[in-house]
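Using this note's numbering, count along the sequence shown one by one with no gaps and you end on 1593.
Built from N, CA and C at the ideal position, the CB exists for glycine as well.
Note that the structure is a prediction, hence the values are computed from the model and not measured.
Notes for the one structure printed next.
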Amino acid sequence: MGSPKSLHGVNFAPPRSFGAVLKANLKETLFPDDPFYEFKNEKLSKRILKGIQYFVPICQWLPKYNFGLFKFDLLAGITIANSSFVPPLIYAIFGSSKHLAVGTVATCSLIMAESIQQKVKPEDNMQLYVGLFYTATLISGLLQTALGVFRLGFLVDFLSHSTITGFMGGTALVICLQQLKGMLGLKHFTSHTDVVHVLRAVFENRKEWTWQCAVVGVIFLTFLQLSRYVRKKKPNLFWVSAIAPIIVVVVGCLFAYLFNAEKHGIAIVGKLSKGINPPSLNLLNFSPEYISVVLKAGIVTAMVSLAEGIAIGRSFSMMDNEQIDGNKEMVAIGLMNIVGSLTSCYLSTGPFSKTAVNHNAGCRSQMSNVVMSLCMLLTLLFLAPLFGYTPLVALAAIIMSAMLGLMDYEKAYHLYKTDKFDFLICMAAFFGVAFISMDMGLMMSVGLALVRALLYVARPPTCKLGTITNTAFRDVEQYPGSKQTPGMLILKLGSPIYFPNSNYVRERILRWVRDEQSLENSKRNEIEYLILDFGGVTSIDITGVETLFETRRSLAAKSIKIILVNPRLGVMEKLIVTRFIDVIGKESVFLTIEEAIENCRFSLNSSSQTKREDSLHGVNYAPPRSFKTVLKANLKETLFPDDPFYEFKNERLSKRILKGIQYFVPICQWLPKYKFGLFMYDLLAGITIASLAIPQGINSSFVPPLIYAIFGSSKHLAVGTVATCSLIIAEAVQHKVKPEDNMELYVGLFYTAALISGLLQTALGVLRLGFLVDFLSHSTITGFMGGTALIICLQQLKGMLGLKHFTSRTDVYHVLRAVIENRKERKKKPNLFWVSAISPILVVVVGCLFAYFFNAEKHGIAIVGKLNKGINPSSIHLINFSPEYLPAVVKAGIITAMIAIAEGIAIGRSFAIMDNEQIDGNKEMVAIGLMNIVGSLTSCYLSTGPFSKTAVNYNAGCKSQMSNVVMSLCMLLTLLFLAPLFGYTPLVALAAIIMSAMIGLMDYEKAVHLYKTDKFDFLICMVAFFGVAFISMDMGLILSVGLALIRALLYVARPPTCKLGTITNTAFRDIEQYPGSNETPGMLILKLGSPIYFPNSNYVRERILRWVRDEQSLENSQRNEIEYLLLDFGGVTSIDITGVETLKELRRCLAAKSIKIILINPRLGVMEKLIATKFIDLLGKESVFLTIEEAIENCSFSLNSSSQAKREDLEIA
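Structure below.
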């Protein structure tokens, strides 16, 4: 019997060049809308003209402008004429939105005021105060322009709808409370913005309350709110609310003038001079005393004003079926703020209220901003002095009324009903702004939103697939009636596999396998094939590939073979380059699940075939799960991906308690089963690693191994100090105190840093937050270790050359300069480091003998000095938390905690996989943390599981954690009887040992491998290496982790989409990867490959519209007339409120083009959100299908019916 024939081969084409991949990625990242598409094939002169029109939009719309449009813009411009003079003119030249009305926003003004008032108050120095406002505006404008020029507009997308809603609401509340000063006529007030300080200031100064101000203010506020109510009830009367503020100002001026309001305690604005805005260049202030304040204010307001202006511009352009370019808008807003800051204007953007009025007033182009600017010019030239009579209470009422409109209670309630996490993000912004400060509230909300985004990254959804027909495989949780295939486990992975989630993906796959194998009385217990649907894996990095290798080894030990299905183009390229395809074999990669099953069945000698069902299969519209159910499931996947209590959750209480103790204290599990036959191996291994520990630190090798033997779960990990962490702590501590100045304090700070590190490690483990360590990628660790090894080697030149004076800095430049500057101190004495190749202990023994017999100290070779016998003394009294040193030890403790557990867990996992075992990362954190807590209190430095010692332990044949106990006992004997002998150890011998160990940490082969397989991973590695080598250790680590996180966020912000073509009626694949696939007339089929949420929602919309535009622009093709857009939602694993709003905007935009959206295979969580937000009702249930082929069949029927109807109409005509 021959092998089954594979119908459609997987594309194993050679990987694209690095340049081609980089070009494609940069295009998708920076130019998702492909703005130059329309004129890229034109002549040079036309391209130049089109380019000018693109960058200066007024050159495009003004030549086509006519008087018929002007009458609309004139009315709109006069209606919104209550802003500044210069910014609207600049925006009219460079802006691309015809609806956006330019003006100041109270939110940004208050953010600036709050920051600047920390340095200078307006009553103390008004000129300086105003100058700092202009400076912050200039910085804001420069940042906005730079973001637009460099096409980095997607950064603004990280301000989610939820954040903006909460931030605006909190700001509105704060601004309303601030207006109580004017409403009550107070003369003294607080510069703080939070609710507590403002209300306290109001009541503390209640003797200053003026009833006249209160009465006038209430009257004005009531009038303004009534006008808003009229507009809401009767939209045609929008002009009432539009002119209400100017009516209040005019009436207020008349009232103040006629009744001499100042004498009755109602303050007025005061004298205003006529004339246009004077230059303010001379007021700009960049002095070091104020620069940090204006920088912070400028950056925060730049992002807030951009987010508001672009979001508002997009919203109104959608109503007219138009698009605006976010990056062009950034340039326009930035330029108007740059010019505005130089002409006495505050920060401007496009406020919602003014833009809404502009739109409702019938504006047709940016000319309305020109009219508004001219009106303001006339006001400045002729009417300005009249406004000097404006009562401050009138301005307070106007601001209060505007702010009350920004408190979007309905939106907040909608968030609560549809997405509790979005509601939490909204409330974090609201209460943070209201009760702490505006910048802190914004940071808290953005931080929480980013945590959610990183949780999507770190905990991607996976699901088990069952078959509904031979060609339809769906999530068994969403479709409980689906059937599973005997002998096979089919899993769908729904995200990129890279450093933040690789450990989770491996643990989740192994958990699926374990759960499947544990099913009783089922033929499916004997799993022989694990089929991984890679259609949703849009990219993979080196860490991800290593994870696949580890998973394959683990499954191979269980006699389970991995089968890959439908790997995407970029993923396939990476798997070919890293030889993973060669390892599993090309025969283990298939285009479709059904082909994989057919081949696996042949191998299983199973002739059973499932009858093909051709009937349609309905989408599951079950009611959404409760918030509690979803929260419980999400917490389980986030904190317990390995489900550690699975084995005994159905046991009796007494057995569960026993198992629980064994789980948390592993020695209670392995010690009762321990056999003497294993002890011989552990004895040899323990003595061997003890010999390594003696020269590396006797004191630190006694207590920590004992603690780890009790709580640790890895039988291979050998505990000890690592030079990397020791040097990081030394670098931090030496900034505060040097060992030669105060050795006791210096050592105490070492123990304090170790204690903080241990506490953090334990907390991370107890709270099941181990996934945070996964954000240290393999590339970062490789580069960091290499750079650290280099600088530690250079540090040892002090001992190797016998230098007495040296630098406390760690970077290459300062170390080499210290060596050269102190070259006169070098001693020509026998070098002992050549024997380091034999073993570290031999170096120590020979060094001690040499120093003793030849009296080395007299010849310039320094020795360790006197060492006392005895076990480790208590070091509790040396722990130091004084404020002077706390920041340094906390920073060192946090960095070393992360590095120590990243190294220890990675090494423990690597050796566990070799024996087909698993270790629990969170338990390891607790074990490492506890041993460092106890160690810090017993005179031990920070410890973890060094690779060299663990490798020796493994090769020496260790069988359990008993080897650490043996090492600890050896150290105890050494401390009690042999310690004084090691006082003769030459420092040059220790330097040689450290140098030899560090040279081994420079993994050149891994760096070359990274360069060949993934240039971005190589860049991350090099940033860590050179950052550590030439700046500092913590800065090198921060730079590398930051770059890795930027890559992760780019995956989030720029998810891949692809156009699908058909290979058969049931196989639809990326036409770029499979160029021979056929497209379907009248339809555009797109596959979305990631969650749709706030960081990427704008990109998803723009990318889809670009696909539609490109498809419609094809000439001489029947596919020009697109009537259906089919969106394969199988890869969309989740969606938030911002994503749903994006789908609604997209639907409106496409409806104007007579294109209907069809959704295919929405996942469980996505379907629940679409039902809760009424999007399914809006779209219609008849527009949602389970498979692409069913959707095509229905759409084709509609297209044929429509074509037939048209033909009949023509025949009748």
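Run of the beta strand (DSSP E) containing THR1442, from where it starts to where it stops = Element bounds for THR1442: 1437 to 1442.
For ASN421, count neighbouring Cβ atoms within 10 angstroms of its own Cβ and tell me buried if that reaches 16, exposed if not.
-> exposed
Own chain residues within Cβ distance below 8 Å of THR1437, not counting five before or after = These residues qualify, in order along the chain: LEU1466, LYS1467, LEU1468, GLY1469, VAL1480, ARG1483, ILE1484, TRP1487.
Which runs of the alpha helix (DSSP H) fall wholly inside the stretch 911 to 950 and span at least 4 residues, in chain order?
-> 922 to 936
Just to confirm, are PRO1084 and VAL1314 a CB contact at a threshold of 9 Å?
-> yes
Where does ASN665 sit, in a helix, a strand or coil, going by DSSP?
-> coil
Run through DSSP, which three-state label would MET1278 get?
-> In this structure, DSSP gives MET1278 a helical state, which the three-state scheme calls helix.
In this structure, what does DSSP give as the bridge partners for TYR1504?
-> MET1463, LYS1536
Would you mind sorting ASN1580 into buried or exposed? The rule is 16 or more other CB atoms within 10 Å of its CB.
-> exposed
With respect to the beta strand (DSSP E) encompassing CYS1320, which residues constitute its N-terminal and C-terminal limits?
-> From DSSP, CYS1320 is part of no beta strand (DSSP E); its letter is neither H nor E.
Considering only the beta carbon of each residue, do GLU1501 and GLY1441 sit closer than 9 Å?
-> no
If we ignore side chains and look at the alpha-carbon of each, how far apart do PHE1509 and PHE982 end up?
-> 32 Å
Expected contact under 8 Å - CB spacing of LEU722 and PHE474 to nearest Å | Contact check for LEU722 and PHE474: beta-carbon distance about 16 Å, past the 8 Å limit, so the pair fails to qualify.
In or out: TYR1265 buried (at least 16 other Cβ within 10 Å) or exposed?
-> buried
When you compare only the Cα positions, how much space is there between ALA1404 and ARG1427?
-> Straight-line Cα distance between these residues: approximately 15 Å.
Starting from the C-beta of MET1278, find all residues in its chain whose C-beta is less than 7 Å away, skip the five residues before and the five after it, and write them out in chain order.
-> VAL1153, LEU1156
Going straight from the alpha carbon of GLU1304 to that of HIS1096, what length do you get?
-> 12 Å
Roughly how many angstroms separate the alpha carbons of PHE1410 and SER1137, rounded to a whole number?
-> Cα-Cα distance, rounded: 26 Å.
Starting from the C-beta of MET824, find all residues in its chain whose C-beta is less than 6 Å away, skip the five residues before and the five after it, and write them out in chain order.
-> Around MET824: ALA808, GLY812.
Just how far apart, CA to CA, sit ARG978 and THR972?
-> This sequence places Glu at residue 978; Arg is not what is there. THR972 has its alpha-carbon roughly 10 Å from the corresponding atom of GLU978.
Run through DSSP, which three-state label would LEU1530 get?
-> helix
Start and end of the alpha helix (DSSP H) containing PHE547?
-> 541 to 558
Residue range of the alpha helix (DSSP H) that GLY597 falls in?
-> Segment 591 to 613, the alpha helix (DSSP H) holding GLY597.
Indicate whether the contact test is met: 3 or more Cβ pairs, each with one atom in the stretch 777 to 797 and one in the stretch 637 to 651, closer than 8 Å.
-> Segments in contact, no.
Could you pull the start and end residues of the alpha helix (DSSP H) that LEU566 belongs to?
-> No alpha helix (DSSP H) holds LEU566; DSSP gives it neither H nor E.
Can you give the beta carbon distance from ILE348 to LEU522, rounded, assuming they're within the 8 Å contact cut?
-> There is simply no residue 348 to check, as the chain begins at 381 and stops at 1593 in what is shown.
Using the C-alpha atoms, what's the distance from ALA1424 back to GLY549?
-> 34 Å
Label ARG888 either buried or exposed according to how many other C-beta atoms from any shown protein chain fall within 10 Å of its C-beta, with 16 as the threshold for buried.
-> ARG888 counts as buried, since at least 16 other C-beta atoms from the protein chains shown sit within 10 angstroms of its C-beta.
Can you give me the start and stop residues for the beta strand (DSSP E) that ILE1606 sits inside?
-> No answer is possible for residue 1606: it lies beyond the span of the chain, which begins at 381 and ends at 1593.
Please confirm if ILE1171 has its CB atom under 9 Å from at least one CB of chain C.
-> The chain labelled as chain C is not found in the depicted structure, where only one protein chain is given.
Supposed contact pair ALA1282 and ILE1308 - C-beta distance, whole angstroms, cut 8 Å = No, ILE1308 and ALA1282 are not in contact; Cβ-Cβ is about 11 Å, not under 8 Å.
Can you round the beta-carbon distance between HIS479 and SER697 to whole angstroms, since I take them to be within the 8 Å contact cut?
-> 7 Å
Straight-line Cα distance separating GLY1301 from LEU1140 | 14 Å
Ignore the nearest five residues each way along the sequence and tell me which others in ILE1259's own chain have a CB closer than 8 Å to its CB.
-> GLY1128, TYR1131, THR1132, LEU1135, SER1316, LEU1317
Reference GLN746; option with closest CA among PRO468, THR1365, ILE848 | Comparing Cα positions, the closest option is PRO468.
Is the CB-CB distance between MET868 and ILE491 below 9 Å?
-> no
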